[in-house]
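Engineer: In the working numbering, the protein residues as written are 20 to 415. Ideal Cβ placement from N, Cα and C applies to all residues, glycine included. All values reported here derive from a predicted model rather than from experimental measurement. I'd like to ask you about the structure that follows.
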């Protein structure tokens, strides 16, 4: 008999993916250049020349058995050492390879981290708005996702609600800063307060409460924005990173788990990741991709286009009367819809070939997300469509 759980998931397909598919189909009708597709967070800038060169050099010079053979169960030691050295140099924490485990992107990293620090039935808290795929990641590990309601004025942490939900059932707190979908970066004040609360609560409960810090947008932070390094403020932090955005490599599925060296049982957690891989069939990311990213750890793609696009959209949205918190990073903006039903709002936008994502699946009703990782020229052309949409559908 087929698995009923996964059959049932077919009824709850990703809204983002469905809208992306709609945009592709609409593009086939009128030309994709005429569809203002703000649905999918797919980087719009090329990877670095350094990564391309690293791949070519490896293919030309490295032993094919090294490139295409299985990596060790804890992933390639030289790559883990390179990541540890880069993190130590950049953030001043004494990482060694024994605190690093390479994964299939941040999704794979989160899947490992949740399994490493929770038991079936434990709660993982996250903060709205949140990336909707957290739910299957966490439920797949047998844990329970609990969502702290949003502070929609700032999209910083709603600490009053958080403290009420912080019970002995909580194994970890999953945070995402810079944040998808809001684009907000948690301030140093926010991270310090979160760390203080978790330190106090861990002592009260007599148990470790971990921060799982989802950081795929760490390098996309805009000018002048306060962007603290979470691990510097809380010892029991497990960073889940992806090179998908910093190096524009989403299709290569490469990232890592980095456990704070000051974390209790840091090295044990990494050892456990090898067994988690074994139990889930993960079995390490591609050897050649591990080796290639190790050569370009301090590089990024040209990410400046995202701030340019954000400013264009933010200024236009404010001009048109939207309530919107200005993003501090990522390539997302999260305005309040012009009616309570965000789904209805986004459906109306389709008539103007504007593909917007309603906020319901992000845990905050009444908003919408725009993923502005598209060409700036297309953003500029979309502003006229956005203005026409608002003035026609919401004339008052």
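(1) On the three-state DSSP scale, how would you describe residue 171?
(2) Assign residue 114 to one of three DSSP states: helix, strand, or coil.
(3) Which residues bound the alpha helix (DSSP H) around residue 246?
(4) Given residue 273, which residues of its chain have a CB within under 6 Å of its CB, disregarding the five upstream and five downstream residues?
(5) Counting Cβ pairs closer than 8 Å, one from the region 190-208 and one from the region 227-246, do we hit at least three?
(6) Could you compute how far the alpha carbon of residue 299 sits from the alpha carbon of residue 238?
(7) Roughly how many angstroms separate the alpha carbons of residue 132 and residue 404, rounded to a whole number?
(8) Based on the DSSP output, what are the partners of residue 240 in its beta bridges?
(9) Could you check what DSSP says for residue 3 in three-state terms: helix, strand or coil?
(10) Quick one: measure Cβ to Cβ for residue 46 and residue 54, integer angstroms, because I've assumed they're closer than 8 Å.
(11) Taking only runs of the alpha helix (DSSP H) that begin and end inside the region 300-327, which ones reach a length of at least 4 residues, in chain order?
(12) Report, in whole angstroms, the separation of the C-beta atoms of residue 71 and residue 320, which I expect to be a contact under 8 Å.
(13) To the nearest angstrom, report how far apart residue 215 and residue 253 are at their CA atoms.
(14) Measure the C-alpha to C-alpha separation of residue 330 and residue 377 and round it to an integer number of angstroms.
(15) Tell me the rounded alpha-carbon separation between residue 364 and residue 58.
(16) Closer than 8 Å is the cut-off here; do at least three beta carbon pairs connect the region 339-358 with the region 389-398?
(17) Going straight from the alpha carbon of residue 142 to that of residue 230, what length do you get?
(18) Below 8 Å between beta carbons: does that hold for residue 148 and residue 169?
(19) Going by CA-CA distance only, name the one from 117, 91, 74, 87 that's closest to residue 284.
(20) Could you check the C-alpha separation between residue 36 and residue 358 for me, to the nearest Å?
(21) How many whole angstroms separate the CB atoms of residue 99 and residue 119, which I take to be in contact at a CB cut-off of 8 Å?
(22) Going straight from the alpha carbon of residue 343 to that of residue 145, what length do you get?
(23) So which of 409, 93, 360 has the shortest CA-CA distance to residue 337?
(24) In the DSSP assignment, the alpha helix (DSSP H) including residue 74 goes from what residue to what residue?
(25) Between the C-alpha atoms of residue 187 and residue 166, what's the straight-line distance to the nearest angstrom?
(26) For the beta strand (DSSP E) containing residue 179, list its first residue and its last residue.
(27) Would you mind reading off the limits of the alpha helix (DSSP H) that contains residue 34?
(28) Assign residue 89 to one of two classes, buried (16 or more other C-beta atoms within 10 Å of its C-beta) or exposed (fewer than that).
(29) State the Cα-Cα distance for the pair residue 92 and residue 39, rounded to the nearest angstrom.
(30) Check the DSSP bridge columns for residue 195 and list the partner residues they point to.
(31) Quick one, which of 151, 114, 63, 267 has its alpha-carbon nearest residue 279's?
(32) Let's test the definition: count the other Cβ atoms within 10 Å of the Cβ of residue 74 and tell me whether it reaches 16, buried, or not, exposed.
(33) Provide the residue span of the beta strand (DSSP E) that contains residue 93, from first to last.
(34) Mind checking residue 21: buried by the 16 CB within 10 Å criterion, or exposed?
Structural biologist: According to the structure data:
(1) Numbered from its first residue, the chain shown carries residue 171 at position 152. It is coil, neither helix nor strand.
(2) The residue you call residue 114 lines up with position 95 of the chain shown. The DSSP-derived three-state label of residue 114 is coil.
(3) The count along the chain shown starts at 1 and reaches residue 246 at position 227. Looking at the DSSP string, residue 246 is not in any alpha helix (DSSP H), and its letter there is neither H nor E.
(4) As a working mapping, residue 273 is identified with position 254 in the chain shown. For residue 273, where only same-chain residues beyond five positions count, the Cβ hits under 6 Å are 262, 304, 308, 312.
(5) yes
(6) As a first step, residue 299 must be located in the chain shown, where it is residue number 280. As a first step, residue 238 must be located in the chain shown, where it is residue number 219. Straight-line Cα distance between these residues: approximately 30 Å.
(7) Position 113 of the chain shown, counted from the start, is the residue given in the question as residue 132. Position 385 of the chain shown, counted from the start, is the residue given in the question as residue 404. Straight-line Cα distance between these residues: approximately 43 Å.
(8) Reading the chain shown from its first residue, position 221 is the one you call residue 240. Residue 240 pairs with 348.
(9) Residue 3 lies beyond the stretch modelled for the chain, which goes from 20 to 415, so this question has no answer here.
(10) Taking the chain shown and counting its residues from 1, the one referred to as residue 46 is at position 27. Taking the chain shown and counting its residues from 1, the one referred to as residue 54 is at position 35. With a Cβ gap of about 5 Å, residue 46 and residue 54 count as contacting.
(11) 306-312
(12) Along the chain shown, one-based indexing puts residue 71 at 52. Along the chain shown, one-based indexing puts residue 320 at 301. In fact, because the Cβ distance is near 11 Å, the residues do not count as touching under 8 Å.
(13) As a working note, residue 215 is residue 196 in the chain shown. As a working note, residue 253 is residue 234 in the chain shown. So the two alpha carbons sit approximately 8 Å from each other.
(14) Position 311 of the chain shown holds residue 330. Position 358 of the chain shown holds residue 377. Distance between the alpha carbons of residue 330 and residue 377 is about 21 Å.
(15) Position 345 of the chain shown, counted from the start, is the residue given in the question as residue 364. Position 39 of the chain shown, counted from the start, is the residue given in the question as residue 58. Looking at the two C-alpha atoms, the distance is approximately 14 Å.
(16) yes
(17) Counting from 1 along the chain shown, the entry for residue 142 is found at position 123. Counting from 1 along the chain shown, the entry for residue 230 is found at position 211. The straight-line gap from Cα to Cα measures roughly 13 Å.
(18) Counted from its first residue, the chain shown places residue 148 at position 129. Counted from its first residue, the chain shown places residue 169 at position 150. Taking 8 Å as the Cβ cut-off, residue 148 and residue 169 qualify as a contacting pair.
(19) Residue mapping note: residue 284 aligns to position 265 of the chain shown, counting from 1. Residue 117 is the option with its Cα nearest to residue 284.
(20) Numbered from its first residue, the chain shown carries residue 36 at position 17. Numbered from its first residue, the chain shown carries residue 358 at position 339. Going from the Cα of residue 36 to the Cα of residue 358 covers about 23 Å.
(21) The sequence position of residue 99 within the chain shown is 80, counting from 1. The sequence position of residue 119 within the chain shown is 100, counting from 1. A Cβ-Cβ separation of about 4 Å places residue 99 in contact with residue 119 under the 8 Å criterion.
(22) One-based indexing of the chain shown puts residue 343 at position 324. One-based indexing of the chain shown puts residue 145 at position 126. Rounded to whole angstroms, the gap between the alpha carbons of residue 343 and residue 145 is 22 Å.
(23) On the chain shown, residue 337 is found 318 positions in, with the first residue counted as 1. The candidate whose alpha carbon is nearest that of residue 337 is 409.
(24) The count along the chain shown starts at 1 and reaches residue 74 at position 55. For residue 74, the enclosing alpha helix (DSSP H) starts and ends at 68-80.
(25) Residue numbering aside, residue 187 sits at position 168 when the chain shown is read from its first letter. Residue numbering aside, residue 166 sits at position 147 when the chain shown is read from its first letter. Each residue's alpha carbon lies about 16 Å from the other.
(26) Here residue 179 refers to the residue found at position 160 of the chain shown. Segment 178-184 is the alpha helix (DSSP H) holding residue 179; no beta strand (DSSP E) there.
(27) In the chain shown, residue 34 corresponds to position 15, counting from 1. Run containing residue 34: 34-49, per the alpha helix (DSSP H) assignment.
(28) Translated into positions along the chain shown, residue 89 becomes position 70. Exposed is the call here.
(29) Working through the chain shown from its first residue, we reach residue 92 at position 73. Working through the chain shown from its first residue, we reach residue 39 at position 20. So the two alpha carbons sit approximately 36 Å from each other.
(30) Position 176 of the chain shown, counting from 1, holds the residue named residue 195. Note: residue 195 sits in a beta bridge opposite 233.
(31) Sequence index remark: in the chain shown, residue 279 carries index 260 (1-based). With distances taken between Cα atoms, residue 279 lies closest to 114.
(32) Taking the chain shown and counting its residues from 1, the one referred to as residue 74 is at position 55. The residue in question, residue 74, is buried, as its Cβ has 16 or more Cβ neighbours within 10 Å.
(33) Counted from its first residue, the chain shown places residue 93 at position 74. Per DSSP, residue 93 belongs to no beta strand (DSSP E) and is neither H nor E.
(34) Your numbering for residue 21 matches position 2 in the chain shown. The residue in question, residue 21, is exposed, as its Cβ has fewer than 16 Cβ neighbours within 10 Å.
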